[in-house]
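Comments concern the structure below.
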Amino acid sequence: MLVQGKTALVTGGSRGIGREIVLTLLNNGASVYYIDLAEGESLAEYQEIAAKHGQKAVFKQGNVADEAAITATCEQILEESGGIDILVNNAGITRDGLVFRMTAKDWNDVLTINLTSAFYISKVISRSMIKRRVGSVINVASIVGVIGNGGQTNYSASKAGLIGFTKSLAREVAGRGVRVNAIAPGFINTKMTEQLNEEQRDALRAQIPLGRIGEPEEVAKVVLFLASDLASYVTGQVVHITGGMGM
Ligand code: NAP
Numbered sequence: 001m002l003v004q005g006k007t008a009l010v011t012g013g014s015r016g017i018g019r020e021i022v023l024t025l026l027n028n029g030a031s032v033y034y035i036d037l038a039e040g041e042s043l044a045e046y047q048e049i050a051a052k053h054g055q056k057a058v059f060k061q062g063n064v065a066d067e068a069a070i071t072a073t074c075e076q077i078l079e080e081s082g083g084i085d086i087l088v089n090n091a092g093i094t095r096d097g098l099v100f101r102m103t104a105k106d107w108n109d110v111l112t113i114n115l116t117s118a119f120y121i122s123k124v125i126s127r128s129m130i131k132r133r134v135g136s137v138i139n140v141a142s143i144v145g146v147i148g149n150g151g152q153t154n155y156s157a158s159k160a161g162l163i164g165f166t167k168s169l170a171r172e173v174a175g176r177g178v179r180v181n182a183i184a185p186g187f188i189n190t191k192m193t194e195q196l197n198e199e200q201r202d203a204l205r206a207q208i209p210l211g212r213i214g215e216p217e218e219v220a221k222v223v224l225f226l227a228s229d230l231a232s233y234v235t236g237q238v239v240h241i242t243g244g245m246g247m
């Protein structure tokens with residue numbers, strides 16, 4: 001029960017990596033608010049786990065790219081919850097293509113959803129963390145933001161930007177007891193990667209020292225560590241969760 005009694009906010013918490021993060025935080029004693037475009041199928045399961053620990057699981061519909069709406073939603077969550085201890089900026093998309101074929105819309109959508117949304121949300125939530133002198137922010141970047149990937153200039157720029165944002169925010173808020181870290185997953189089995197065919201998967205496995213694609217639970221466990229007091233002296237870091245790829 002590493003986050004017993006804490007309250008978390010997770011974006012993109014309906015499925016994929018976000019779903020595993022919500023489940024792991026709930027199973028370790030936190031209450032969890034999650035924001036997503038749609039409720040999905042997980043809420044009843046989340047509420048059942050939360051109830052077992054005397055905690056809450058609450059869904060808020062929202063588009064993280066809409067500044068006015070997401071700011072209002074975060075303010076409402078702060079009021080309802082009495083304070084957020086753990087923020088996980090997880091919502092993200094891909095719109096892959098070679099740079100000379102990429103539209104400005106595909107560039108801007110990826111930058112806004114993957115990077116600018118973390119600014120909108122952290123602005124509201126970290127202000128409240130500073131006042132309470134407690135908090136852990138975890139930004140879900142990607143190994144592609146560190147090593148690059150052909151066909152993903154927009155995605156890798158957004159994730160590299162998120163890493164820079166993480167380190168700068170970590171410096172801004174460290175003096176008030178708030179920690180800010182990023183994680184950089186490699187290839188993880190979710191809807192985002194399910195379009196890869198077997199040949200592409202084999203090529204990927206060949207680049208991964210542990211020889212396999214990762215599972216969302218393996219990402220969630222690192223988020224739990226960073227969210228918990230086990231990581232009380234860890235801030236401004238980028239933790240790679242890649243099976244050794246890009247080491
Ligand atoms: P996913 O299965 O596609 O889930 C993404 C979640 O974010 C979905 O619930 C999605 O909602 C939500 N979302 C998308 N746009 C949103 C918006 N504008 N407002 C609110 N919610 C929004 O992806 P994933 O693989 O779990 O990825 C989660 C994070 O990990 C992303 O930041 C991704 O870049 C990062 N990551 C993933 C991998 C990987 O291999 N899978 C590797 C490195 C990093 P809908 O279901 O309604 O679309």
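Note that my numbering gives residue 194 to position 194 of the sequence shown, counting from 1, and the numbers run on in steps of one. Glycine residues also receive a C-beta, built at the ideal position from the N, C-alpha and C atoms.
Here the C-alpha atom of I147 lies approximately 43 angstroms from the C-alpha atom of G54.
Contact between the stretch 60-69 and the stretch 43-51 is absent: fewer than 3 CB-CB pairs across the two stretches fall below 8 angstroms. In the displayed model, I93 falls within coil according to three-state DSSP, outside both helix and strand. G177 sits close to R133, with the two beta carbons spaced by under 8 angstroms. A Cβ-Cβ distance of about 14 angstroms is found for the pair L230 and L25, leaving them out of contact under the 8 angstroms criterion.
I21 places its beta carbon 8 angstroms or farther from that of A157. Distances taken from the Cβ of L37 to the heavy atoms of the ligand NAP include one shorter than 7 angstroms. Apart from sequence neighbours up to five positions away, the residues of its chain that approach R212 with a beta-carbon distance below 7 angstroms are R205 and G243, ordered along the chain. Under the three-state reduction of DSSP output, N154 falls in the helix class. Fewer than three beta-carbon pairs drawn from the stretch 70-78 and the stretch 102-116 are found closer than 8 angstroms, and the two stretches are therefore not classed as touching.
Here I77 carries a helix assignment [DSSP, helix/strand/coil].
Relative to the ligand NAP, the beta carbon of T24 is positioned no closer than 7 angstroms to any heavy atom. Comparing alpha-carbon positions, the option among R95, R201 and A91 lying closest to G151 turns out to be R95. In the pairwise beta carbon analysis, the stretch 160-167 is classified as not touching the stretch 185-202: fewer than three pairs are separated by under 8 angstroms.
Taking 7 angstroms as the cut-off, one finds at least one heavy atom of the ligand NAP near enough to the beta carbon of N114. Nearest to A68 by alpha-carbon distance, out of G175, F119 and K191, is F119. With a cut-off of 8 angstroms on Cβ pairs, the stretch 79-89 is in contact with the stretch 133-142, counting three or more such pairs. Around the beta carbon of M247, fewer than 16 other beta carbons lie within 10 angstroms, which makes this residue exposed. Taken in chain order, the complete alpha helix (DSSP H) segments of 4 or more residues contained in the stretch 31-76 are 43-52. The Cβ atoms of I241 and G186 lie closer than 8 angstroms to each other. A residue is called buried when at least 16 other Cβ atoms come within 10 angstroms of its Cβ; L162 meets this threshold and is buried.
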